[in-house]
């Protein structure tokens, strides 16, 4: 016979996820402000320069902008420049008027037409991609719908028995176009 489930639950050890704190009664502040920055803010000397870059402003406060480059900054290399266009964006270009109907990039000439049509870009010949043929099962399902309803896509949409996949009206239109594009109208028995 098995023991009581309640007794088993009580006797099991409780889960303890984290390790106990080394100094449980010592509470540290959530954010430690650097002394140089606190001193500069208290004196009111160096303020945030709106025209300067982020790196220069942080350097004025004595703080490193990118902690990943701490070794390079702490060695005192003034020549170290992070990407200049990213640090000081071009204000004139940002304020310039943007044309509303800008032509869409047609894509490079290195891409082939199939890739361009898949990405929604304009092909070299200006046409859309050729319609893909339907699979056998799709031909059977769409063939039966066309045989029963013709071009009435709304009725095809409402028929839940023949339209087992519950295709929408727009999807049914596209599938019927692909069905007629092949030229072969075979109805395979299931």
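Residue numbers (my numbering): 669 to 858.
The C-beta atom is built at its ideal place from N, Cα and C for all residues, glycine as well.
Keep in mind the model is a prediction, meaning the values are calculated, not measured.
1. Please report the straight-line C-alpha distance between residue 676 and residue 689, rounded to a whole angstrom.
2. Look at the alpha carbon of residue 803 and the alpha carbon of residue 809, and state the distance between them as a whole number of angstroms.
3. Could you give the distance in angstroms between the alpha-carbon of residue 710 and the alpha-carbon of residue 720?
4. Classify residue 839 as helix, strand or coil using the three-state DSSP reduction.
5. Alpha carbon to alpha carbon, what distance is there between residue 783 and residue 813?
6. Alpha helix (DSSP H) containing residue 679: first to last residue?
7. For residue 835, is the classification buried or exposed, using 16 other Cβ atoms within 10 angstroms of its Cβ as the cut-off for buried?
8. Return the residue from the list 798, 831, 694 and 759 that minimises the CA-CA distance to residue 811.
9. In angstroms with no decimal places, state the Cα-to-Cα distance between residue 847 and residue 800.
10. Go to residue 825, then tell me how far its alpha helix (DSSP H) extends in each direction, as first and last residue.
11. Taking Cβ to Cβ, would you say residue 816 is nearer than 8 Å to residue 837?
12. Buried or exposed for residue 824, please, with buried defined as at least 16 other CB atoms from any protein chain shown within 10 angstroms of its CB.
13. When burial is assigned at 16 or more other CB atoms within 10 Å of the CB, is residue 687 buried or exposed?
14. My assumption, with CB atoms under 8 Å, is that residue 840 sits in contact with residue 806. Please give the rounded CB distance.
15. Which value, in whole angstroms, describes the spacing of the CA atoms of residue 845 and residue 780?
16. Would you kindly report the start and end of the unbroken alpha helix (DSSP H) that includes residue 811?
Inspection of the coordinates gives the following:
1. Cα atoms of residue 676 and residue 689: separation of roughly 30 Å, rounded to the nearest angstrom.
2. Our two residues, residue 803 and residue 809, have alpha carbons roughly 10 Å apart in a direct line.
3. Cα to Cα, the separation comes out at about 21 Å.
4. Reduced to three states, the DSSP call for residue 839 is helix.
5. In a straight line, the C-alpha of residue 813 is about 32 Å away from that of residue 783.
6. Per DSSP, residue 679 is one residue of the alpha helix (DSSP H) stretching across 673–679.
7. Buried, because 16 or more other Cβ atoms sit within 10 Å of the Cβ of residue 835.
8. Distances from the alpha-carbon of residue 811 to those of 798, 831, 694 and 759 put 831 closest.
9. Distance between the alpha carbons of residue 847 and residue 800 is about 9 Å.
10. Per DSSP, residue 825 belongs to the alpha helix (DSSP H) from 821–826.
11. Going by beta carbons, residue 816 and residue 837 fall outside the 8 Å limit.
12. When all chains shown are included, residue 824 counts as buried.
13. Residue 687 sits exposed, since fewer than 16 C-beta atoms from the chains shown fall within 10 Å of its C-beta.
14. About 11 Å; that fails the 8 Å criterion.
15. Near 24 Å, if we compare the C-alpha coordinates of residue 780 and residue 845.
16. Element bounds for residue 811: 804–817.
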